[in-house]
Amino acid sequence: MMRIATSLRLLPSLLTLAWRNLWRNHRRTLVMLSAIALGVWAMIFMTAMMRGMIDQMVQNGLATLPGHAQIHHPDFVRDPSVVNRFAEPGGELLAALEQPPVTAWAARLRVPAVVASEYASRGVTLLGVDPAAEAALGSLPGELVAGRALQGPADAGVVLGESLAQRLETAVGRRVVLMSQDPDNDVADRGARVVGIYRGRLEGDEERFAYTGRDSLQALLGVEGEVTEAAMNGPDYRRVVAWLPDIRRAAGASLSVQPWQTLNPFLASMLGLQDGYALVFMLVVFLVLSFGLVNTLVMAVFERTRELGLIQALGMRPGLILLLILMESLWLLLLGLALGNALALATLWPLRDGLDLSAVAAGLEMMAMGTTLYPLLELSDMAMASAVVVGLGLLASLLPAWRASRLAPVVALARD
Amino acid sequence: MNLTWRLAWRNLWRHRRRTWLTVSAMVVCNVLLIFLIGLQLGSYDVMIEGSLGPVTGHLQVQREGFQEDQRIRDSVPAATALARTLRRALPEAEVGVRGTAFALASSEARSFGIQLQGVEAAREPGVSTLPGMLAEGRYLRGEGEEIVVGRLLARNLQARPGDEVVLLGSGRDGSMAAAVARLVGVVDSGVAELDRALAQVDLAWFQSVFAMGDHAHALVLRLPHLEAVPAAKARVQTLLPPDSELVVLDWDQLQPGLRQAIRTDMVSAWFLYGVLVLLVAFSVLNTQLMSVLERTREFGVMLALGLGPGRLARLVAMETALLGGLGLVLGILFGTVLTLALARWGFTYPGMEEVAQQFNLPARLYPRPGAAALLVGPGVVFVGALLAALYPALRLYRLQPVAAMRAV
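Going line by line, the protein sequences match chains P and W. Position 371 of the first sequence, counting from 1, maps to 1144 under the numbering used here, and the rest follow consecutively. Position 201 of the second sequence, counting from 1, maps to 212 under the numbering used here, and the rest follow consecutively.
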């Protein structure tokens, strides 16, 4: 107990001593400092880039899914047909959807359909939507390249994707035939005017989704007041579990409420893999860095063998010498961390408006990403990098520090 | 010369621990680089083959414009005869003929729009991995009136092998195309897009239902390996009938995303490699700087004895080369052992399975042992180490003999 108390009392002077020792060989310290700063910068910069990439994949995925959670008829996911529909949310469920934490929600009719022009036909997923609600949800395709958007749930026009329109050889103002199955398994069809052409977030979406007004699609299929899907957003896609049980309770046992992680397990596993990958990346960088760190300390101890022997002979306890060397290492690591973090902030700041990657657009499309990469700097990643560097750095310094404290004073003093 | 090398070698071992630490840094970095580059190249191979396997193949002959717009009338005339010509000219290639049309597929209970392919049942297993991914039933036998569909499509149609599927579409001449086929097999490719919308029938039957005559939409070629693609492409080009509006597309044109996805992935990989090499270079810089500084007196004496600073600098360079060489040799040695072991047993990490599936990869990766993977990383580390020693070596030119000999 006494010893620990003494150590604590001596701590300020040890810190000062360590700091001064560090600058006795300023070149070596500067080289090591640069190495640590570079390593820390790489850890944070790379993680921010990867986070940005994954976040965008997830955001895109959620906009297409859409929503952080969805309500279906229990059989719909297995059999996506209008047969498995339910009444538009009302009563308790409506009340739950209209209040926080739900930030936006939309009920839609999602059915497999065929769009036929004079020249060709294509199979699509036809979405009968309420445009205002979908806009709040962020699930409508971003950009309209021709014509107009849907004007309300009663809009009988259809909005097609750019590449689908190209393959159907149709254009704004022309007519197409929409065909789908009604609940009695009969084919229901009607003509519809193409009112708008959109450019999807991903080209694949353009060929897959066509949009029309919800009421008009309900009328075509004879399912007035009923939908197949209700999607909702909460404040944070990572924390859906917090509010989902309330919606589940409000929806009752006859409806199935599922978070996006269940609806798109690929996205969820991507997000999980990312956390593991960031840590592996940091450890790999640190591993290579640690040799330099240990080497620096070994040299610092070696060239001061006589001095260390002398202060031991004068009565400094081995434990304090160990502490002294660890303090030197700590100063080095903290300085490197500060520099590395500053450097990371300085390099990420100019990229905050996104990094243009349109040169590899098709490749990014394969990974379900847009052409602009927005780095995402998270405090937890900076903290993780710092913890890895300081924690493991001190651990790696233990060996040279321990050796320094085990020097026999007489032998050390006898060294040239 | 020999003497200087020996001097350099001995100087290296004046600080055994420091030398070993620096060498270890290089070895660890080299092994990491060999492992990562090998894994990366290995996974690219698998990714390319996995993406091209089910549908695309290595090369396709199509009518110009078909790739973009997929119109049924942009077809290849006398397709089977052309395929025979290609098979004769390129005996190492597998050649299959395919027709493609949109159709509405209806079972008793449900209807879905699908992409219907007419394929040569006997040839298709040679050009595509799809026939090998049967989950239920059997593949086509070339008898007509049979259909194979993707797993999700079968589920959505609520159809099982033995059930009838009604196909409705329009023929090449604009006429109505309607037929009934018996579901004989269900394929599970693991790619949701294919499993949801793909169905295959026999080519001859397809041609008669869709009024195609002897036309088809694509001749799909599969070669023994990717490297053979450019030569084969040039060869096929010469075999096409003149003025036929036919084009040969290679896998990069058929799936432009693939190469770019690889390139994007490479950028982040090279970033990591660059950082690792720089960190090792710092380590070497520190070691060599120390070893020069602590010998200031000794170098002063050597200068006073008439040795030029150039020779001293060369000595330091030699020491660095020996240090780097040691790291290089040991790194390649351990790296090779690791790569060979992993090439045999494979490598996987938790959570990889779902992601791998999306990109059509197996859940276990095998690094590709090869000269590129083994030598590039360690080579760059070696050069980096030499460059790092430039600064300490150049300092020697500024050394004044008298002042140096006084240094502590």
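Note that beta-carbon positions come from the ideal geometry of N, C-alpha and C, so glycine has one too.
Beta-carbon neighbours of residue i, restricted to chain W and to distances below 8 Å
i                  : result
Gln-954 (chain P)  : Arg-121, Ser-122
Met-805 (chain P)  : Phe-293, Asn-297
Val-1067 (chain P) : Leu-32
Val-1014 (chain P) : What Val-1014 (chain P) touches in chain W: nothing, since even the nearest Cβ is about 19 Å away.
Phe-982 (chain P)  : Residues of chain W passing the Cβ test: none, with the nearest at roughly 13 Å.
Leu-1062 (chain P) : Leu-290
Beta bridge counterpart(s) of residue i as assigned by DSSP
i                  : result
His-845 (chain P)  : P:Ser-1029
Gln-71 (chain W)   : W:Val-231, W:Leu-260
Ile-158 (chain W)  : W:Leu-194, W:Val-212
Trp-1122 (chain P) : Beta-bridge pairing links Trp-1122 (chain P) to no other residue.
Pro-860 (chain P)  : Note that residue 860 (chain P) corresponds to Ala in the displayed sequence, not to Pro. For Ala-860 (chain P), which the question treats as bridged, DSSP gives the partners P:Glu-999.
Leu-933 (chain P)  : P:Ile-970
Ser-117 (chain W)  : W:Ser-122, W:Val-177
Glu-105 (chain W)  : W:Arg-233
Ala-814 (chain P)  : Sequence inspection shows Trp at residue 814 (chain P); the Ala mentioned does not correspond to that position. For Trp-814 (chain P), which the question treats as bridged, DSSP gives no partner whatsoever.
Arg-881 (chain P)  : P:Glu-1002
Thr-898 (chain P)  : P:Pro-885, P:Phe-982
Met-301 (chain W)  : Met-301 (chain W) pairs with nothing; no bridge assigned.
Met-187 (chain W)  : W:Ser-181
Ser-953 (chain P)  : P:Ala-886, P:Ala-961
Thr-1145 (chain P) : P:Asp-1129
Arg-28 (chain W)   : According to DSSP, Arg-28 (chain W) bridges with nothing at all.
Phe-358 (chain W)  : W:Leu-376
Buried versus exposed, by CB contacts within 10 Å (16 or more), residue i
i                  : result
Gly-346 (chain W)  : buried
Trp-1122 (chain P) : exposed
Trp-1033 (chain P) : buried
His-226 (chain W)  : buried
Ala-860 (chain P)  : exposed
Gln-924 (chain P)  : exposed
Val-138 (chain W)  : buried
Val-392 (chain W)  : buried
Gln-872 (chain P)  : exposed
Thr-789 (chain P)  : exposed
Glu-135 (chain W)  : buried
Gly-1164 (chain P) : exposed
Ala-116 (chain W)  : buried
Thr-837 (chain P)  : buried
Val-902 (chain P)  : buried
Tyr-1010 (chain P) : buried
Closer than 7 Å at the beta carbon, the chain P residues around residue i
i                 : result
Arg-82 (chain W)  : Ala-893
Ala-208 (chain W) : Gly-896
Contact list for residue i against chain P, beta-carbon separation under 8 Å
i                 : result
Ser-186 (chain W) : Going along chain P, no residue has its Cβ under 8 Å from Ser-186 (chain W), so there is no contact; the nearest lies around 14 Å.
Ile-125 (chain W) : Gly-896
Leu-115 (chain W) : Val-887, Ser-894, Gly-896, Met-952
Within chain W, the residues that residue i reaches when beta carbons sit closer than 9 Å
i                  : result
Pro-885 (chain P)  : Arg-121, Ser-122, Phe-123, Gly-124, Asn-167
Leu-1124 (chain P) : Neighbours of Leu-1124 (chain P) on chain W: none; closest Cβ ~14 Å, over 9 Å.
Val-1058 (chain P) : Leu-283, Val-286, Leu-287, Leu-290
Gly-1054 (chain P) : The sequence shown places Phe at residue 1054 (chain P), not Gly. Simply Leu-283.
Chain-ordered chain W contacts of residue i [CB-CB under 7 Å]
i                  : result
Met-1072 (chain P) : Arg-29, Met-301
Ala-958 (chain P)  : Looking at the sequence shown, residue 958 (chain P) is not Ala but Asn. Those are Ala-120, listed as they occur along chain W.
Partner residues on chain P for residue i, Cβ-Cβ distance less than 9 Å
i                 : result
Gly-180 (chain W) : Ser-894
heavy atom of the ligand NAD below 7 Å from residue i C-beta
i                  : result
Leu-1150 (chain P) : Only the bare structure without any ligand can be found here, which leaves the ligand NAD out of the picture.
Subject >> Interfacial residues, the segment 843-856 of chain P to chain W, with Cβ spacing under 9 Å >> reply: Within the segment 843-856 of chain P, the residues whose Cβ lies closer than 9 Å to some Cβ of chain W are Arg-851, Asp-852, Pro-853, Ser-854, Val-856, listed in chain order.
Original post:
Along the segment 19-52 of chain W, what residues have a CB closer than 7 Å to any CB found in chain P?
Top reply: Listed in sequence order: Arg-28, Arg-29, Leu-32, Thr-33, Ser-35, Ala-36, Val-39, Cys-40, Leu-43.
**OP:** Inspect the CB distances between the segment 122-132 of chain W and the segment 251-267 of chain W and report whether three or more fall short of 8 Å.
**Re:** Under the 8 Å Cβ criterion, the segment 122-132 of chain W does not count as touching the segment 251-267 of chain W, having fewer than three qualifying pairs.
**OP:** For the segment 297-327 of chain W, enumerate the residues whose C-beta is nearer than 9 Å to any C-beta of chain P, in chain order.
**Re:** If the cut-off is 9 Å between Cβ atoms, the segment 297-327 of chain W has Asn-297, Thr-298, Leu-300, Met-301, Leu-304, Glu-305 near chain P.
Original post:
Name the residues in the segment 791-819 of chain P whose C-beta lies less than 7 Å from a C-beta of chain W; which are they?
Top reply: From the segment 791-819 of chain P, only Arg-800, Arg-801, Val-804, Met-805, Ser-807, Ala-808, Leu-811, Gly-812, Ala-815, Met-819 have a Cβ closer than 7 Å to chain W.
Original post:
Does the segment 874-892 of chain P come close enough to the segment 1068-1084 of chain P to have 3 or more Cβ pairs within less than 8 Å?
Top reply: Under the 8 Å Cβ criterion, the segment 874-892 of chain P does not count as touching the segment 1068-1084 of chain P, having fewer than three qualifying pairs.
Original post:
Hey, is the segment 104-116 of chain W in contact with the segment 229-243 of chain W, meaning 3+ C-beta pairs nearer than 8 Å?
Top reply: The count of Cβ pairs closer than 8 Å, one atom from the segment 104-116 of chain W and one from the segment 229-243 of chain W, reaches three, so the stretches are in contact.
Original post:
Going along the chain, which residues of the segment 906-939 of chain P sit with their C-beta nearer than 9 Å to a C-beta in chain W?
Top reply: Residues are counted here when their Cβ sits less than 9 Å from a Cβ of chain W; for the segment 906-939 of chain P these are Ser-936, Gln-939, given in chain order.
Original post:
Looking at C-beta atoms only, is the number of pairs between the segment 901-916 of chain P and the segment 940-955 of chain P that lie closer than 8 Å three or more?
Top reply: In this structure the segment 901-916 of chain P does not touch the segment 940-955 of chain P; the number of beta carbon pairs closer than 8 Å is below three.
Original post:
Below 8 Å, can you find three or more Cβ-Cβ pairs linking the segment 776-791 of chain P to the segment 1076-1084 of chain P?
Top reply: Flag = no, the segment 776-791 of chain P and the segment 1076-1084 of chain P do not touch.
**OP:** Taking a Cβ distance cut-off of 7 Å, strictly less, list which residues of the segment 990-1014 of chain P are near chain W, in chain order.
**Re:** Listed in sequence order: no entries.
Original post:
Three or more beta-carbon pairs under 8 Å between the segment 327-340 of chain W and the segment 18-37 of chain W, yes or no?
Top reply: Below 8 Å, enough C-beta pairs join the segment 327-340 of chain W and the segment 18-37 of chain W to call them touching: three or more.
**OP:** Could you say if the segment 847-860 of chain P and the segment 997-1011 of chain P meet the contact criterion of at least three C-beta pairs nearer than 8 Å?
**Re:** Between the segment 847-860 of chain P and the segment 997-1011 of chain P, the count of Cβ pairs shorter than 8 Å is three or higher; the stretches touch.
**OP:** Would you be able to state if there are at least three C-beta pairs under 8 Å between the segment 155-171 of chain W and the segment 186-203 of chain W?
**Re:** Contact between the segment 186-203 of chain W and the segment 155-171 of chain W is present, because at least three Cβ pairs lie under 8 Å.
**OP:** Count the CB pairs spanning the segment 1052-1062 of chain P and the segment 285-295 of chain W that are closer than 8 Å, and state whether there are at least three.
**Re:** Result yes; three or more Cβ-Cβ pairs closer than 8 Å.
Subject >> Touch test, the segment 1006-1017 of chain P against the segment 976-984 of chain P, Cβ-Cβ under 8 Å, three pairs minimum >> reply: Counting C-beta pairs with one atom in each stretch, the segment 1006-1017 of chain P and the segment 976-984 of chain P have fewer than three that are closer than 8 Å, which means they do not touch.
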